[in-house]
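The structure under discussion appears below in the form of structure tokens.
Residue numbers (the working numbering): 45 to 224.
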């Protein structure tokens, strides 16, 4: 199930009943939204994963419709090699790797530790700047009970600021190593 269909319609989500992800946890059945910005003078790319429902325990009262999980990838500068990329979800601490992967389990995001990571790349990537005006306005106006769209103008900067940590750059040389 996708959030945005036909450019402007967003779904009502799924009732938090039945199976945990309601057959929406597999690759290709959801959307990942992306937006680039700056915090503390550093470039970050926010990836926001939409789920039509979230459940954190058995029972129909342990979840809600609509869930956004997001992570920020910090980049030293455009054109940097993958080894200069640092990542981490704001609540899971920092990690360094050349190809960041995260996993979402129930209502938490953490660095990916599983063996079967192929479906990580099977999501439709949607850039905030490429959305039609009607679609971005629909997302900006969305009022979910327990979740907010992390990449709208109203929420984006605070999401970047919350994810930033100075120690992401501890081992990165001060001098530029990338060629533009």
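Just so you know, even glycine gets a beta-carbon here, dropped at the ideal spot from N, CA and C.
Rounded to the nearest angstrom, how far is the Cβ of residue i from that of residue j, given a contact under 8 Å?
i	j	result
residue 81	residue 200	6 Å
residue 208	residue 86	7 Å
residue 171	residue 111	About 21 Å; that fails the 8 Å criterion.
Let's test the definition: count the other Cβ atoms within 10 Å of the Cβ of residue i and tell me whether it reaches 16, buried, or not, exposed.
i	result
residue 71	Summary for residue 71: the model assigns pLDDT 48, below 50, so the residue's position carries little reliability, and this model does not support an answer.
residue 198	exposed
residue 180	buried
Can you name, in chain order, every residue of its own chain whose Cβ lies under 7 Å from the Cβ of residue i, other than the five neighbours on each side?
i	result
residue 169	76, 78
Going by the DSSP bridge assignment, what does residue i pair with across the sheet?
i	result
residue 169	76
residue 94	112
residue 83	86
When the distance is taken between beta carbons, is residue j closer than 8 Å to residue i?
i	j	result
residue 184	residue 173	no
residue 186	residue 177	no
residue 83	residue 205	yes
Spatial neighbours of residue i within its chain, please: CB distance less than 6 Å, with the 5 preceding and 5 following residues excluded, ordered by chain position.
i	result
residue 91	76, 78, 115
residue 175	none
residue 95	111
residue 50	Residue confidence is low: residue 50 scores 46 on pLDDT, short of 50, so the model does not pin down where it sits. Its coordinate-derived value is still stated next. The answer is none, since no qualifying residue turns up.
Output yes if chain E places a C-beta closer than 8 Å to the C-beta of residue i; else output no.
i	result
residue 209	Looking at the structure shown, chain E is missing, and only one protein chain is on hand.
With a CB to CB cut of under 8 Å and the five nearest residues on each side skipped, what residues in its chain are close to residue i?
i	result
residue 88	80, 81, 82, 116, 117, 118, 119, 204, 207, 208
residue 210	84
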